[in-house]
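Written out below as structure tokens is the structure these notes cover.
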Amino acid sequence: MSYSIDQLVVGQHAHFEKTISESDIQMFCGISGDINPVHVSKLAGENSIFGDRVAHGIMVSGLTSAVLGMQLPGPGTIYLGQELKFTAPVFIGDTIRAEVEVVEIIKEKNIVKLATRSINQNNKIVIQGQATVMPPKH
């Protein structure tokens, strides 16, 4: 199911949850070409400011895309922009809950702005921002 501009209301929200795995990191390295040692080397991770290997921030932010494209507004949504602030590291084994909430509806332009945030299993915000999308027209 997807929502058109007329079916959306401020405060409407949705989420998606995923545990970050070793294979997620390896696949993203292959897709993106980003093989920064902090993502792939245990030693580099341990010697970094994080104290361990970390997931790619932009990979983790992709969970927000899953919410927008599959739930709210849903299939047919066009992603126009995303502001992100990475506030804490994500480690292999962390479970991340990507949440979106409608904060502004611009009907005349068929544009919706949504607050976005990703939260780990300890209720710590690891990414926050705002997405701008064009919901599908039914």
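Taken in order, the sequence shown gives residues 1 to 138; the numbers are from the UniProt record's numbering.
The C-beta atom is built at its ideal place from N, Cα and C for all residues, glycine as well.
From a predicted model like this one, the values you see are computed outputs, not experimental measurements.
Q: Please go through the UniProt domain "MaoC-like" (13–118) and give each complete beta strand (DSSP E) segment of 3 or more residues, from N-terminal end onward.
A: If we require 3 residues or more, the beta strand (DSSP E) runs fully inside the UniProt domain "MaoC-like" (13–118) come out as 13–19, 78–86, 95–106.
Q: Count the other C-beta atoms from every protein chain shown that fall within 10 angstroms of the C-beta of S23, then say buried if there are 16 or more, exposed otherwise.
A: With fewer than 16 other Cβ atoms within 10 Å, it is exposed.
Q. Candidates E101, K107, G62: which alpha carbon is nearest F86's?
A. Considering only E101, K107, G62, the residue with the shortest C-alpha distance to F86 is G62.
Q.
Within 10 Å of its beta-carbon, does G81 have 16 or more other beta-carbons around it, so buried, or fewer, so exposed?
A. Its Cβ having fewer than 16 others within 10 Å, G81 is exposed.
Q: Would you mind sorting P135 into buried or exposed? The rule is 16 or more other CB atoms within 10 Å of its CB.
A: P135 comes out buried.
**Q.** Residue burial classification, S118 (beta-carbon count within 10 angstroms, cutoff 16)
**A.** Buried, because 16 or more other Cβ atoms sit within 10 Å of the Cβ of S118.
Q: Kindly indicate which residue of G76, I92, A14 has the alpha-carbon position closest to the one of G57.
A: Of the candidates G76, I92, A14, the residue whose Cα lies closest to the Cα of G57 is I92.
Q: Have a look at P73 and K137 and give me their C-alpha separation to the nearest angstrom.
A: Taking the straight line joining both Cα atoms gives about 11 Å.
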